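In this note's numbering, the protein residues as written are 27 to 163. Data block below; observations after.
In structure tokens:
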């Protein structure tokens, strides 16, 4: 896969390691994968704070917008994100966003969602988890 890309409004120029180049349509790039991850069950016992992780992976081009929502309402507070990084193959990017909330608040809502919007598509990719899937002990 390429290590460098040049972007126009509708196309991407891929520069491959062997010196070859190829143009591709931005709209043909695959959407990112979005997963919402809970802390391991053994770490949930006695927690004062729940930390949900949103792993967004498999996207090309460096810009991605990641937002959280709780029961369909956008959340803007208590969110932290890691810097973008290349995946282990070096062929696509990944990002992680964290939503922190008091453990007592966790069960008072039904659904937590991570919404990723990538510049290559006008589509939102959503990963969700229900609070009933993990109960603090």
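Positions of the beta carbon are idealized from the N, C-alpha and C atoms, including for glycine. Since we're looking at a predicted model, the values are computed, not measured.
Less than 7 Å between the beta carbons of residue i and residue j, yes or no?
| i | j | result |
| --- | --- | --- |
| residue 142 | residue 92 | yes |
| residue 86 | residue 111 | no |
| residue 79 | residue 63 | yes |
| residue 107 | residue 95 | no |
Determine the direct distance from the alpha carbon of residue j to that of residue i, and round the result to whole angstroms.
| i | j | result |
| --- | --- | --- |
| residue 138 | residue 154 | 6 Å |
| residue 136 | residue 102 | 18 Å |
| residue 57 | residue 130 | 35 Å |
| residue 100 | residue 149 | 17 Å |
| residue 89 | residue 109 | 11 Å |
| residue 134 | residue 60 | 24 Å |
| residue 105 | residue 121 | 13 Å |
| residue 140 | residue 152 | 6 Å |
| residue 97 | residue 145 | 25 Å |
| residue 115 | residue 159 | 32 Å |
In the DSSP output, what is residue i paired with across the bridge?
| i | result |
| --- | --- |
| residue 127 | 76 |
| residue 135 | Residue 135 is not bridged to any residue. |
| residue 63 | 79 |
| residue 120 | 83, 111 |
| residue 151 | 142 |
Determine the closest residue to residue i out of the options, with distance taken between C-alpha atoms.
| i | options | result |
| --- | --- | --- |
| residue 75 | 125, 152, 95 | 125 |
| residue 127 | 157, 59, 89 | 157 |
| residue 65 | 90, 81, 56 | 81 |
| residue 73 | 132, 152, 140 | 132 |
Next item on the list: Only counting runs of 4 or more residues, tell me where the alpha helix (DSSP H) segments fall wholly within the stretch 80 to 108, in order along the chain.
Entry: Unbroken alpha helix (DSSP H) runs of no fewer than 4 residues, entirely contained in the stretch 80 to 108, are not found.
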